[in-house]
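Novice: Here it is, the structure in full.
Chains as they are written, first to last, in this note's numbering: chain A, 1 to 465; chain B, 1 to 465.
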């Protein structure tokens, strides 16, 4: 079926996406089509993320896709970072445009323009906005979900009266929305840290990141939160009258997560049989299958669906007995439904259905009356199991080393933890030359530093997507 | 405050959008910024629409923003209809593109391409897809929500084995998703009918429409559903092996509703004090206001919020007593919250809070213990009241006439109902020349005809947005 992961991990990834019908390549280079099976998972990610963002006090809004080219030029680092990736519209309504417009690669500039209009007094702060949107960054080496010329994301943008308040909010989103979702819903034990100056978002004063380890030991950046200092506030004149009567520039933040999380999900949990979706995330948690037609089988399967639904389980019925059961079971494995409930004439005659867990492949004949309880227990246990497997894998592939040379060597198969003082700016450039990047910096106790100049920081070095 | 509607309706509309902070004009001509107060209403429309679309069996997916120019050219009427409105990307990643790409004005072409890949056998049909996305149609005379160069919408695209199945599905969405949402959630008593050939979607064989009457007597098209015949199936080779073994082209449909519904909502229900949002739609149904500080006032307001939330009411608390109450009350009127609950020291001393209904402006001092019941009753009654007011208005502004000349005259202040046989293709062109359009065709019993050639059809003529 799939190319085994050990044989060719990138090929396995592409195979899985195609065979589980998650996505296709679009006709314009680097674009993608997200198919219903993939989009349903994205919708669940969106719902969980949106609830966390709203709980953190931000409100959703929508800003235009098209940004005047001149806006991007106002923040020097920002335009330098994004210029090579821009798509430019030169014609509209049959005519050449007086000023070309860019398709947003991110929205700090256009949102900055409107924040400046909406913020007048300290009473208007903090201003906490989020939008769900598509963005475009022209990709030379596209890969579905991981690097695509167009992707879907949420981008949060906030303005605050003080640096401290901005920093606290960037970190609140980082931990309470991003880390919490990734660890507790996606089941990916991300490491949360500070990016080095070299890896910082273009225009930021600090970038925080959530890094996950993929099944081949590489790292994937799953979400970032930025302190933008007063860079954009000065470029767009986002200012306010303070309580004391003066006029001050605001401090802004931005933060984003995208459809890249779908790629992370596949590579963190997938196995040689296909996707494995953590139960809390799964659009379909229990997949009830009629093995073959027989006395009372269809009715029993339907009743089990109803009972599971009543118990709060997201359930789907597969009664397509004109397709071979084996083929349907393989397809269910591919799609990664957490639990299958197989209802067939022989087991049913003995009063049983078979509960099959995707996480460990176990198959348990279960009295029909006990199926709901067994499914609930399996969903609960397998949410933890997937996380714990991923954590154990990360730990087994992470090596503590003392020197840059050792770190680069360790990054061939996993992550290296090395004193930042043993790397430094020069060492980082050297590592980059060999395809290894500093994923993030941590304090010795695992907490997130404010700057890379703090003493005794640990750097995580790895190859990355 | 607002320009009165009777004085200058378009100005009133713009005033309301600005003062209720629903939206702003974007920096690129014709684009818009949807502010949190407007976006929250859109999110509620989306949730209600999405549930109906899923109940009709369609699945969400996502297709690329960028479409190769060559795709649009494959269906002759389609490209002719959309060419004048296209935005064209000529540069990506710093280089001129080999083939320019258009920013999707709608997605029949790119989705047709993928339907052709995914459909092979009759077992693959019907294929029922929907996407939530932004689209771009360059507008010469933009107006926020009504005509913008970029707007947000859902676009459904389906493929069927037979014309009958395609027609039935286009009509199912029309009635069960669109009409139901508009009438029962938005409270707009739309007329549902068939578009004439002249008003048909570019590439369709039949276009069905939901038309609402706005507060100035004009019509607004709030949603359309199209039979596309085999036009796109032939252009993109969407074909299937039939049960009999032959190879047949599929029959496709498409259907869409957009942020234009926000404009319709404003113009159907708004009054000189601002927006009026029907309770089933409203993001905030009950707005609990602390009139001014005083013994137990804050606690009483908080308790009322909790009790309302427990009763399933979407509630917000306004305890900003540093802002004058009158100003806050005017703002609440502007934003159209269905019910205000005013909690002040004087009323509270008498055991009361004041329940204020936005629909009729009534203010009822109500014992605190009875507030939840009073709010629930008001929400229920005012959902119907807004619909019934709009229906009575539509009826009062609709005139039955016998000739084209009378119809054009009646369209100065409202809608005309006239025999289609008294208009015809030539009469339609004449009306268009005077700014009047045929909004739709109906059978005598009000049902939706299959073609404009059926006998005894009634035409609705009006000026329109």
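Yeah, the Cβ is synthetic: ideal placement off N, Cα and C, and Gly gets one too. Just so we're clear, the structure is a prediction, and the values are computed from it rather than from any experiment.
1. If we ignore side chains and look at the alpha-carbon of each, how far apart do residue 77 of chain B and residue 449 of chain A end up?
2. What does the Cβ neighbour count give for residue 462 of chain B, buried or exposed, with the cut at 16 atoms within 10 Å?
3. Less than 7 Å separating the beta-carbons of residue 431 of chain B and residue 408 of chain B?
4. Looking at chain B, which residues of the segment 236-259 of chain A have a Cβ within less than 9 Å of any of its Cβ atoms?
5. Quick check: is the beta carbon of residue 35 of chain A nearer than 7 Å to any beta carbon in chain B?
6. Compare the C-alpha of residue 130 of chain A against each of A/339, A/112, A/434 and A/140 and name the closest.
7. Which residues in chain B have a C-beta closer than 7 Å to the C-beta of residue 175 of chain A? List them in chain order.
8. For a test of the three-state rule: what should DSSP assign to residue 323 of chain B, helix, strand or coil?
9. Of the choices B/354, B/369, B/63 and B/146, whose alpha-carbon is the least far from that of residue 144 of chain A?
10. In chain order, what residues of the segment 15-29 of chain B put their CB closer than 8 Å to some CB of chain A?
11. Taking the continuous alpha helix (DSSP H) assigned at residue 371 of chain B, which residues delimit it?
12. Between which two residues does the alpha helix (DSSP H) harbouring residue 214 of chain A extend?
13. Taking all protein chains shown into account, decide if residue 148 of chain A is buried (16 or more other Cβ within 10 angstroms of its Cβ) or exposed.
14. I'd like to check one pair, residue 115 of chain B with residue 159 of chain B: are the Cβ atoms closer than 7 Å?
15. State yes or no: is the C-beta of residue 34 of chain A within less than 7 Å of the C-beta of residue 61 of chain B?
16. Mind checking the segment 46-72 of chain A against chain B and listing, in chain order, the residues whose C-beta falls within less than 8 Å of any C-beta there?
17. By how many angstroms is the C-alpha of residue 215 of chain B removed from the C-alpha of residue 270 of chain B?
18. What are the start and end residues of the alpha helix (DSSP H) that includes residue 424 of chain A?
19. Can you name, in chain order, every residue of its own chain whose Cβ lies under 7 Å from the Cβ of residue 67 of chain B, other than the five neighbours on each side?
20. Using a beta-carbon distance below 7 Å, is residue 93 of chain B in contact with chain A?
21. Taking the straight line between their C-alpha atoms, what separation do you get for residue 151 of chain A and residue 436 of chain A?
22. Hey, out of A/347, A/301 and A/378, whose CA is closest to residue 362 of chain A's CA?
23. In terms of residue numbering, what span does the beta strand (DSSP E) encompassing residue 467 of chain B cover?
24. If residue 162 of chain B and residue 255 of chain B are in contact, beta carbons under 8 Å, what's the gap, nearest whole angstrom?
25. Mind checking if residue 84 of chain B is an interface residue toward chain A, Cβ cutoff 7 Å exclusive?
26. Is the distance from the Cβ of residue 170 of chain B to the Cβ of residue 211 of chain B below 7 Å?
27. Under 8 Å Cβ to Cβ from residue 282 of chain B, same chain only, skipping five residues before and after it: list those, please.
28. Could you check where the beta strand (DSSP E) with residue 138 of chain A kicks off and where it finishes?
29. Once the 5 residues before and after residue 19 of chain B are set aside, which same chain residues still bring their CB inside 8 Å of it?
30. Considering only the alpha carbon of each residue, which of A/345, A/222, A/165 and A/370 lies closest to residue 146 of chain A?
31. Keeping to the same chain, check which residues put their C-beta closer than 6 Å to that of residue 332 of chain A; ignore five residues upstream and five downstream.
32. Output the distance between the C-alpha atoms of residue 37 of chain A and residue 22 of chain A, rounded to the nearest integer angstrom.
33. By Cβ distance, which residues of its chain are closer than 8 Å to residue 366 of chain B, with the 5 residues on each side in sequence left out?
34. How is the alpha helix (DSSP H) around residue 108 of chain B delimited, first residue to last?
35. Does the separation of the CB atoms of residue 253 of chain A and residue 133 of chain A fall below 7 Å?
36. Measuring alpha carbon to alpha carbon, tell me which of B/217, B/28, B/419 and B/128 ends up nearest residue 5 of chain B.
Specialist: Per the coordinate set shown:
1. Cα-Cα distance, rounded: 60 Å.
2. Only buried fits residue 462 of chain B, as 16 or more other CB atoms lie within 10 angstroms of its CB.
3. Yes, Cβ-Cβ distance for residue 431 of chain B and residue 408 of chain B is below 7 Å.
4. So the list reads 259, given in the order they occur along the chain.
5. It does; some Cβ of chain B falls within 7 Å.
6. The residue with the shortest Cα to Cα distance from residue 130 of chain A is A/112.
7. Those do not exist, as residue 175 of chain A stays about 24 Å from chain B at its closest Cβ, beyond 7 Å.
8. Reduced to three states, the DSSP call for residue 323 of chain B is coil.
9. It is B/63.
10. Answer set for the segment 15-29 of chain B: 24, 26, 27 and 28.
11. Per DSSP, the unbroken alpha helix (DSSP H) holding residue 371 of chain B starts and ends at 371-396.
12. Membership of residue 214 of chain A in any alpha helix (DSSP H) is not indicated, and neither H nor E is assigned to it by DSSP.
13. Residue 148 of chain A is buried by the Cβ-count criterion.
14. Yes; because the gap between Cβ atoms is below 7 Å, this pair is in contact.
15. Contact: yes.
16. Flagged, chain order: 59, 60, 61, 62, 63, 64, 65, 66, 67, 68 and 71.
17. Their Cα atoms are separated by approximately 8 Å.
18. Residues 424-433.
19. Beyond the five residues adjoining it in sequence on each side, residue 67 of chain B comes within less than 7 Å, by CB distance, of 101, 102, 104, 109 and 110 in the same chain, given in chain order.
20. It does: the Cβ of residue 93 of chain B has a partner Cβ on chain A nearer than 7 Å.
21. CA-to-CA, the gap between residue 151 of chain A and residue 436 of chain A works out to about 25 Å.
22. Of the candidates A/347, A/301 and A/378, the one whose C-alpha sits nearest the C-alpha of residue 362 of chain A is A/378.
23. In the structure as shown, chain B begins at 1 and stops at 465. Residue 467 of chain B is therefore absent and cannot be evaluated.
24. Residue 162 of chain B to residue 255 of chain B, Cβ: 18 Å. No contact.
25. Interface residue (Cβ-Cβ distance to chain A less than 7 Å): residue 84 of chain B is classified as such.
26. Residue 211 of chain B is positioned such that its CB atom lies no closer than 7 Å to that of residue 170 of chain B.
27. Counting only Cβ-Cβ distances below 8 Å, and skipping sequence neighbours, we find 41, 44, 314, 336, 337 and 338.
28. No beta strand (DSSP E) contains residue 138 of chain A, which DSSP labels as neither H nor E.
29. Correct list, in chain order: 1, 2, 274 and 334.
30. Ranking A/345, A/222, A/165 and A/370 by Cα distance to residue 146 of chain A puts A/222 first.
31. Taken in chain order, the residues that qualify are 287 and 340.
32. Residue 22 of chain A has its alpha-carbon roughly 5 Å from the corresponding atom of residue 37 of chain A.
33. Sequence-distant Cβ neighbours of residue 366 of chain B in its own chain, meaning closer than 8 Å and more than five residues away, are 352, 353, 354, 355 and 374.
34. Here the alpha helix (DSSP H) through residue 108 of chain B covers 108-118.
35. For residue 253 of chain A and residue 133 of chain A, no; Cβs fall outside 7 Å.
36. Closest by C-alpha distance to residue 5 of chain B, out of B/217, B/28, B/419 and B/128, is B/217.
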